[in-house]
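**Q**
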Amino acid sequence: MRRKTLRYAFLDTLPVMAGYLVLGMGFVILLQDKGYSWVWALLMSVTIYAGSMQYVAVDLLSGGATVLAAALMTLMVNVRHLFYGISMLERYQDTGKAKPYLIFALTDETYSLVCSTRAPEDADIRLYYFLVSILNQSYWIAGSVLGAVIGSAFQFNTAGVDFAMTALFVVIFTEQWEKEKNHFPALTGVGVSVVCLLIFGPSNFLIPSMIGIVVLLFLLRGYMPSDAPEGAGTEETDRQATGVVTDFHEKGDVL
Numbered sequence: 004m005r006r007k008t009l010r011y012a013f014l015d016t017l018p019v020m021a022g023y024l025v026l027g028m029g030f031v032i033l034l035q036d037k038g039y040s041w042v043w044a045l046l047m048s049v050t051i052y053a054g055s056m057q058y059v060a061v062d063l064l065s066g067g068a069t070v071l072a073a074a075l076m077t078l079m080v081n082v083r084h085l086f087y088g089i090s091m092l093e094r095y096q097d098t099g100k101a102k103p104y105l106i107f108a109l110t111d112e113t114y115s116l117v118c119s120t121r122a123p124e125d126a127d128i129r130l131y132y133f134l135v136s137i138l139n140q141s142y143w144i145a146g147s148v149l150g151a152v153i154g155s156a157f158q159f160n161t162a163g164v165d166f167a168m169t170a171l172f173v174v175i176f177t178e179q180w181e182k183e184k185n186h187f188p189a190l191t192g193v194g195v196s197v198v199c200l201l202i203f204g205p206s207n208f209l210i211p212s213m214i215g216i217v218v219l220l221f222l223l224r225g226y227m228p229s230d231a232p233e234g235a236g237t238e239e240t241d242r243q244a245t246g247v248v249t250d251f252h253e254k255g256d257v258l
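Count along the sequence shown from 1, add 3, and you get the number used in this note's numbering.
The following block contains the structure:
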């Protein structure tokens, strides 16, 4: 069972690996371009492990930001994880000693996989959560190491490198849109975000957007269409909530 769980976790995280290697490299290259050693980048990837915030931290460090300013910016950038955490209470409640690490490693991409990827019936779901989390972080660290090597060996213009994080979010959104038949939550998120952007401006719209999305989805949860087949029982619903097997996995053993 452990080998099967590892196999499924690895296959499910392959798209994240492709993105994290590039993003990790970009982060280290930007940090080195500001005069910081790759050692600091590696330590940040191991202990902070917050992709978007690590990119923001490059400007905070180079601009001489105060501790208070850095703390407030971190709260603004990562406040979405409060909502992630609330939605993961049930899934992570019986994960035992692994729970602190699962909380620490809950990035956007890991959250997306844990919530929507169809995990196999014969897998240890708690082990699956842990493996997805640690594999994703290992990809980010590997990208940091590669970025350190490339940044030390070559000199080039780093303009636009920081856009890699935005590109990854667009890819994740597109993938979820194509995978799910029910687009109401996605449209709700986009609509509320646009409204909050117009009202609060680009510097202050993140927290109101997250609150608005959660409140609106909560109020409208009874009116949202379901992807579950008609007549599906509780067991089927639970399997869809935690995930079953992806079509990619079902088509045969590939490892």
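We put the CB at the ideal spot given by N, CA and C, even for glycine. Since we're looking at a predicted model, the values are computed, not measured.
Could you give the distance in angstroms between the alpha-carbon of Ser206 and the alpha-carbon of Ser40?
**A** Distance between the alpha carbons of Ser206 and Ser40 is about 30 Å.
**Q** Look at the alpha carbon of Val19 and the alpha carbon of Gly67, and state the distance between them as a whole number of angstroms.
**A** Distance between the alpha carbons of Val19 and Gly67 is about 32 Å.
**Q** Between which two residues does the alpha helix (DSSP H) carrying Asp97 extend?
**A** Taken as a continuous stretch (DSSP letters only), Asp97 belongs to no alpha helix (DSSP H), as it is neither H nor E.
**Q** Are Gly28 and Gly146 close, meaning C-beta to C-beta below 7 Å?
**A** Checking the displayed sequence, the identity of residue 28 turns out to be Met instead of Gly. Closer than 7 Å, so yes.
**Q** Give the DSSP-derived three-state secondary structure of Val80 in the structure shown.
**A** In this structure, Val80 counts as helix in the three-state DSSP scheme.
**Q** Exposed or buried, which one is Ile216 when buried takes at least 16 other CB atoms within 10 Å?
**A** The residue in question, Ile216, is buried, as its Cβ has 16 or more Cβ neighbours within 10 Å.
**Q** Using DSSP with H/G/I as helix, E/B as strand and the rest coil, what is Phe176?
**A** Helix, per DSSP.
**Q** Once the 5 residues before and after Ser196 are set aside, which same chain residues still bring their CB inside 8 Å of it?
**A** Cβ within range, chain order: Phe208, Ser212 and Ile216.
**Q** Out of curiosity, what's the CA-to-CA distance linking Ile32 and Gly154?
**A** Distance between the alpha carbons of Ile32 and Gly154 is about 5 Å.
**Q** Among Ala21, Ile106, Thr110 and Phe13, which one has its Cα closest to the Cα of Gln57?
**A** If we check each option's Cα against that of Gln57, Thr110 comes out closest.
**Q** Just list the alpha helix (DSSP H) runs in the region 31-66, keeping only unbroken ones of 4 residues or longer that don't cross its boundaries, in chain order.
**A** As far as the region 31-66 is concerned, its whole alpha helix (DSSP H) runs of at least 4 residues are 41-50 and 54-65.
**Q** Three-state secondary structure (DSSP) at Lys102?
**A** Of the three classes helix, strand and coil, the one that applies to Lys102 here is helix, per DSSP.
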